[in-house]
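Student: If you use this note's numbering, the sequence shown closes out at 198, no skipped numbers anywhere. From the three backbone atoms N, C-alpha and C, an ideal C-beta is built for every residue, glycine too.
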Amino acid sequence: VEIAQLDSEAFGRIHAQTAKQVVLQRLREAERDVVFDQFANRDGELITGTVNRVEPRAIILDVGKGAEAILATTEQSPAEHYRIGQNVKAFVLEVRRSPRGPQIYVSRTHKGFLRRLFELEVPEIAAGTVEVKAIAREAGNRSKVAVSSRQEGLDPVGATVGQRGARVQAVVAELAGEKIDVIPWSEDPGLFVANA
């Protein structure tokens, strides 16, 4: 801590006010940097936020730590409707710095969102024994997910769908009833198309 003796004339009410503003400004900037650093390398991850505001062109999610995520109308599934206070999972597209703190752009229509949901529901996908090779998605309508197994004797489609479809139904519920087909991946295009 540096200490200096100041003239009483040099330190009037206005100067004190200015000093206070500068200190507060720097503190706010430092806080924003901390929040930005927390979200900066989370591209491609799932985050959960609470619907804070519903605007004409976007929904603003509160993701904690004073940060807000922007779910643009173009990144929302047409089958979904949002209420204030509702918890919403979303896929982080990018994080940008802005004068008002970090801006986190998120999506619920991205293929990566579906991939992350399957990683949550299917331990074999999270562990890497079942690999999601490709995803084709028409958000809100239907999706096709091609899976292959890296382990002998493990049925990739069965593992992904789960007993009586329990695992895939959990993903369908999160996507407001979007139809999901899980198909076996094949190197042979003809066979792959036939499976699909």
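CB-CB under 6 Å to residue 14, same chain, minus the five flanking residues each way: which ones, in chain order?
Tutor: Nothing meets the Cβ criterion.
Student: Could you check which residue in 133, 178, 142, 180 has the C-alpha nearest to that of residue 186?
Tutor: Per the Cα distances, 133.
Student: Which word fits residue 85, buried or exposed, when buried means at least 16 other C-beta atoms lie within 10 angstroms of its C-beta?
Tutor: Under this definition residue 85 is an exposed residue.
Student: Using beta-carbon positions only, say whether residue 108 and residue 77 come within less than 8 Å of one another.
Tutor: Yes, the pair counts as a contact, with Cβ atoms nearer than the cut-off.
Student: Look up residue 59 in the DSSP assignment and say whether it is helix, strand or coil.
Tutor: The answer is coil: DSSP assigns residue 59 none of H, G, I, E or B.
Student: What does the Cβ neighbour count give for residue 57, buried or exposed, with the cut at 16 atoms within 10 Å?
Tutor: That one is exposed.
Student: Tell me whether the beta-carbon of residue 97 lies closer than 8 Å to the beta-carbon of residue 149.
Tutor: No, the Cβ-Cβ distance between residue 97 and residue 149 is not below 8 Å.
Student: Excluding sequence positions up to five away, which residues of its chain have a Cβ less than 7 Å from the Cβ of residue 123?
Tutor: Hits under 7 Å: 169, 172, 173.
Student: Give the range of the beta strand (DSSP E) segment to which residue 2 is assigned.
Tutor: The structure shown has nothing for residue 2, since the chain only spans 3 to 198.
Student: Restricting to Cα atoms, I'd like to know which of 59, 53, 18 is closest to residue 65.
Tutor: Cα-wise, what sits closest to residue 65 is 53.
Student: Using alpha carbons as the reference points, say which of 176, 127, 179 lies closest to residue 160.
Tutor: Measuring from the Cα of residue 160, the nearest candidate turns out to be 127.
Student: Just how far apart, CA to CA, sit residue 20 and residue 34?
Tutor: Spanning the two alpha carbons is a distance of roughly 21 Å.
Student: Could you give the first and the last residue of the continuous beta strand (DSSP E) run that contains residue 105?
Tutor: Looking at the DSSP string, the run of the beta strand (DSSP E) that includes residue 105 is 105-109.
Student: Going by beta carbon distance, what residues of the same chain come within less than 7 Å of residue 139, once the five residues before and after it are set aside?
Tutor: Within the same chain, residue 139 has close Cβ partners 113, 116, 145.
Student: Which residue spans inside the region 103-163 form an unbroken alpha helix (DSSP H) run of at least 4?
Tutor: Counting only runs of 4 or more, we get 113-123, 125-129, 158-163.
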